[in-house]
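First comes the structure, then the notes that go with it.
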Amino acid sequence: SFSRNGFSQVTAIFKESADLYFMRQQVLERLARAKPDLPAGATPQMGPVSTGLGEVFHYSVEYVHPDGKGATPKDGTPGWQADGSFLTEQGDRLADDVSKLAYLRTVQDWIIRPQLRATPGVADVDSLGGYVKEYVVEPDPAKMAAQGISFDELDRTLADANVSVGANYILRSGESYLVRLDGRIRTQDEIARAVVTTRNGVPVTVAQVATVNVGGGLRTGAASRNGYETVIGSALMLVGANSRTVARDVGDKLKDVSKTLPEGIMIVPALDRSQLVMATITTVAKNLAEGALLVIAILFALLG
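Quick note on our numbering: the sequence shown kicks off at 6 and runs consecutively.
Dropping the structure here:
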């Protein structure tokens, strides 16, 4: 095992004859028992059913026109804007590198990754680079003081504005209709419009006392391709699966996934294990054929 700031990894090694899935179940049971003794906020997770050699396909998630170069600006519609920002389909305007990379990471984690994980033989899909998307609220102390709003009030407003709860069900004509109150925040404008308090019957919103932007969480690494920072996805193969078949299926699946991507985003394959396997098979077959012909030629020469 090894540990570093904010992270700890434990590797358990079992006998070759052990049942992999039974041992994983045993580990899960012990993790559940140990969870109450862990520090607050620490959540143990198990790695995928794969090996160190299980990375069979790498790809990058990029903008079709990095930095907007060569793009035709369409102000007000999703894509690159005239001022160099990128407008998402959700209405978020990405003006800096952090928010643009956070959007690529969001596309990877919420659109591409779930679809690839359904591919037969794929244990998991790793995401490298970019930033995990966050909404950053920067309070203005002067404006808050002028409105008589405390930081605790602003904090409670942000928490209460992002909830999703069940509201039981309604019986009608012998059928049950589930009722759900979905108040989850989806865009920065929804945060900005959240009401903190009222003054003389006039609502005071978050936008009046703070600035709301799209940002990214802290990270310890990055990924780049052709000089541009990007997001890399890596498909991991299940233990015992055929690497050539899995890599080929992942490549085919990515072609279908590409059709579901937002405007201006594309997937670029970087490493395909099936190509390496086929090249190796071709080389071995060629060498065997040449060796067999050489042996036959030598036998004819010696035996006449």
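Glycine included, each C-beta is placed from N, C-alpha and C at the ideal position.
Minimum C-alpha distance to residue i - residue among the options
i: Ser-132; options: Thr-203, Arg-224, Thr-210, Asn-10; result: Arg-224
i: Asp-24; options: Val-15, Gly-11, Leu-43, Val-54; result: Val-54
i: Pro-125; options: Ile-286, Val-251, Arg-189; result: Val-251
i: Asp-145; options: Val-217, Phe-27, Asp-165, Ala-47; result: Val-217
i: Gln-50; options: Ala-37, Glu-180, Ile-303; result: Ala-37
i: Asp-129; options: Asp-187, Ala-87, Phe-62, Gly-232; result: Phe-62
i: Asp-254; options: Leu-183, Leu-121, Ala-302, Phe-12; result: Leu-121
i: Ala-227; options: Glu-180, Asp-102, Ile-18, Leu-186; result: Asp-102
i: Asp-114; options: Arg-98, Glu-21, Val-137, Phe-12; result: Val-137
i: Gln-86; options: Ala-275, Ser-279, Glu-268; result: Glu-268
i: Arg-29; options: Asn-292, Gly-52, Glu-60, Glu-143; result: Gly-52
i: Leu-259; options: Ala-123, Asp-42, Glu-34; result: Ala-123
i: Val-207; options: Asp-42, Gln-152, Ala-45, Tyr-233; result: Gln-152
i: Met-149; options: Arg-204, Leu-276, Tyr-26; result: Arg-204
i: Asp-160; options: Phe-91, Leu-176, Glu-143, Lys-20; result: Glu-143
Residue i - containing alpha helix (DSSP H), residue span
i: Met-149; result: 146 to 152
i: Glu-195; result: 193 to 197
i: Asn-292; result: 278 to 308
i: Pro-267; result: Run containing Pro-267: none; DSSP gives neither H nor E here.
i: Arg-230; result: First-last for Arg-230: 228 to 230, but that is the beta strand (DSSP E), not the alpha helix (DSSP H).
i: Ser-119; result: A quick correction: the sequence has Pro, not Ser, at residue 119. Residues 118 to 122.
i: Val-217; result: Segment 215 to 221 is the beta strand (DSSP E) holding Val-217; no alpha helix (DSSP H) there.
i: Asp-165; result: 156 to 165
i: Gly-256; result: 248 to 263
i: Phe-27; result: 25 to 39
i: Ser-104; result: 102 to 112
7 Å Cβ shell around residue i - same chain, five flanking residues per side excluded
i: Val-273; result: Tyr-64, Ser-65, Glu-67
i: Thr-202; result: Ile-154, Glu-158, Val-209
i: Thr-56; result: Val-244
i: Ser-229; result: Thr-235
i: Glu-94; result: Pro-83, Pro-267, Glu-268
i: Ala-4; result: Limits of the chain in this structure are 6 at one end and 309 at the other, which puts residue 4 out of reach.
i: Ile-116; result: Thr-265, Leu-266
i: Thr-338; result: Here the chain comprises residues numbered 6 to 309, so residue 338 is not present and cannot be evaluated.
Check whether residue i and residue j have beta carbons under 8 Å apart
i: Val-141; j: Leu-241; result: no
i: Val-214; j: Ile-196; result: no
i: Gly-89; j: Ile-237; result: no
i: Glu-139; j: Gly-221; result: yes
i: Val-282; j: Ser-248; result: yes
i: Gly-96; j: Asp-194; result: yes
i: Gly-171; j: Arg-185; result: yes
i: Val-32; j: Ala-47; result: no
i: Val-69; j: Met-271; result: yes
i: Ser-22; j: Gln-14; result: no
i: Val-219; j: Leu-99; result: yes
Residue range of the unbroken beta strand (DSSP E) whose run includes residue i
i: Tyr-64; result: 60 to 68
i: Ser-132; result: 127 to 134
i: Glu-234; result: 233 to 242
i: Asp-187; result: 180 to 188
i: Gly-171; result: 168 to 177
i: Thr-202; result: 200 to 204
i: Pro-208; result: 207 to 210
i: Ser-13; result: 12 to 14
i: Ser-8; result: 7 to 9
beta-carbon residue i near the ligand ADP non-hydrogen atom, thresh 7 Å
i: Thr-288; result: By its list of ligands, the structure shown contains no ligand whatsoever, and the ligand ADP lies outside what it can speak to.
Cβ-based neighbour list, residue i, same chain, cut-off 6 Å, excluding 5 preceding and 5 following
i: Ala-199; result: Thr-162, Ala-166, Val-211
i: Ser-279; result: Arg-249, Ala-252, Arg-253
i: Leu-58; result: none
i: Ala-246; result: Gly-126
i: Asp-80; result: Gln-86, Ala-87
Residues near residue i in its chain [Cβ-Cβ closer than 8 Å; skip 5 each side]
i: Tyr-174; result: Ser-181, Tyr-182, Leu-183, Val-184
i: Val-168; result: Leu-186, Gly-188, Arg-189
Any contact of the region 253 to 265 with the region 294 to 306, i.e. 3+ C-beta pairs under 8 Å? no
Within 8 Å, do at least three Cβ pairs link the region 104 to 114 to the region 73 to 87? no
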